[in-house]
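Residue numbers (the numbering used here): 466 to 876. Just so it is clear, CB atoms sit at the ideal spot from N, CA and C, and this is done for glycine as well. All of these numbers come straight from a predicted model, not from anything done at the bench. Here's the structure we're looking at; comments come further down.
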């Protein structure tokens, strides 16, 4: 039996990037223009069907796709037939344990052949570990890791065996990025506790992009560099504005999903600045859009934040979810079951995602579907918190828990 792709992901990619950041609440200053208007000014790529639009507060999301991602054999090697969407990444079939943090911190190796930041912008460009690092090596490592992982994902979707050489390529890159992550941990703002917050910050993403394109011989022009820096500064304005909207009652999951969507807005705009040659250098269109299949994508923030829950039927699925939710939230199962209409409403909302899911591929999904699923889960959590008779400590623990489930009923 082949190892589930999500578990392979958990063993390599998930631990590669370190970050839990602390952010001081800023003043509520609204930046000029909405994220959608700023994105439009950069002529973004065509939107993938089913991709949720970046919402305003309380905004609605588009409907999810009706099927799991499938990479047909004829699509391999044929970029022109691949979807042109964004928000990316591969399946995650996680173990029941909620805590995926490693027992020990990685060793912090000094940067070799350090160089100044290739493209500086915003207030974090002078941060130690960011302002000077071996950006050339980091970019090359990031590219090797992305290429190797994309090859593994495509091979898995086509039913092929695990490629040992691809895994070896990824392990080396993992170790180097782990060292970088340890040096910058906690120095860039993020609400994500799975160590991917720093790596997906626009300042890091932009400089990895600059290095990869230079190494490939198709560097950014001066105009592209300026527009990319401006996009990064706009992100920081929107980030600060967004933080000012949160209160002591805001769910941690809501802040995480806002971060995912805002960072995806930046990455979409970043890729939209590129020529076709440059874009094909840094993004594989054949795996773009699959949960955790691409590194230039904010979906990786949700790695180790969720668990696919498969069941033989919807009845069995409800029973499993009630067990999971009771254990996660530390509440009585019967109290959740007595208000099962809340759970049913969530399952109805994401019905096309839940079933039918193809057997063998139930742990694969489009990242935009995962975000939509998580938004619905967040509403369910809100509703349960309103009706449950729970103490202050339990309520706060539920508010702070950003874990969520992705239900599936495989055929």
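Could you pull out every residue in the same chain whose Cβ sits closer than 7 Å to the Cβ of residue i, ignoring the five residues on either side in sequence?
i           : result
residue 855 : 796
residue 715 : none
residue 584 : 671, 672, 675, 690, 693 and 694
residue 454 : Given a span of 466 to 876 for the chain in the structure shown, any question on residue 454 remains unanswerable.
residue 748 : 736, 759 and 761
residue 720 : 656 and 711
Cutting at 8 Å between CB atoms, please list the residues of its own chain near residue i, excluding the five before and the five after it.
i           : result
residue 805 : 783 and 787
residue 683 : 740, 742, 743 and 746
residue 653 : 484, 486, 589, 592, 595, 662, 663, 666, 668 and 669
residue 822 : 533, 775, 873, 874, 875 and 876
residue 722 : 836, 839, 840 and 843
residue 779 : 812, 819, 820 and 874
Using the Cα positions of residue i and residue j, report the straight-line distance between them to the nearest angstrom.
i           : j           : result
residue 549 : residue 798 : Residue placement at residue 549 is poorly supported in this model, since its pLDDT is 27, which falls under 50; the coordinates are not used for a value here.
residue 872 : residue 773 : 6 Å
residue 710 : residue 764 : 23 Å
residue 629 : residue 609 : 15 Å
residue 762 : residue 857 : 37 Å
residue 605 : residue 680 : 8 Å
residue 657 : residue 813 : 28 Å
residue 599 : residue 646 : 13 Å
residue 842 : residue 581 : 43 Å
residue 520 : residue 789 : Note on residue 520: pLDDT 34, under 50, position unreliable in the model; no value is reported.
residue 597 : residue 826 : 43 Å
residue 820 : residue 875 : 7 Å
residue 612 : residue 767 : 20 Å
residue 623 : residue 830 : 15 Å
residue 557 : residue 621 : Below a pLDDT of 50, predicted positions are generally treated as unreliable, and residue 557, at 31, falls in that range; no measurement from the model is reported.
residue 802 : residue 810 : 13 Å
residue 639 : residue 733 : 25 Å
residue 724 : residue 648 : 22 Å
residue 785 : residue 677 : 44 Å
residue 687 : residue 626 : 44 Å
residue 685 : residue 771 : 36 Å
residue 637 : residue 726 : 30 Å
residue 601 : residue 633 : 21 Å
Quick one: what's got a C-beta closer than 6 Å to residue i's C-beta in the same chain, skipping five residues either side?
i           : result
residue 496 : Residue placement at residue 496 is flagged as unreliable, the pLDDT there being 39, under the threshold of 50; the coordinate-derived value follows with that caveat. Correct list, in chain order: 702, 703 and 706.
residue 800 : 853
residue 586 : 694, 697 and 698
residue 848 : 807
Thinking C-alpha only, which one of the options is nearest residue i?
i           : options               : result
residue 699 : 613, 668 and 810      : 668
residue 792 : 726, 781 and 859      : 859
residue 603 : 748, 641, 612 and 622 : 641
residue 769 : 638, 598, 868 and 626 : 868
residue 755 : 777, 817, 771 and 828 : 828
residue 635 : 650, 607 and 655      : 607
residue 460 : 722, 779 and 728      : The question about residue 460 has no answer, for the chain in this structure spans 466 to 876.
residue 777 : 824, 767 and 733      : 824
residue 808 : 833, 870, 767 and 822 : 870
residue 861 : 718, 810 and 725      : 718
residue 833 : 638, 648 and 730      : 730
residue 865 : 713, 637 and 785      : 713
On the DSSP bridge assignment, give the partners of residue i in chain order.
i           : result
residue 580 : 598
residue 822 : 875
residue 869 : 771
residue 831 : 755
Which parts of the segment 703 to 780 are runs of the beta strand (DSSP E), unbroken and 3 residues or longer, counting only runs that do not cross its ends?
771 to 775
Threshold first: 4 residues or longer. Then list the alpha helix (DSSP H) segments lying entirely within the segment 620 to 668, N to C.
Counting only runs of 4 or more, we get 629 to 649.
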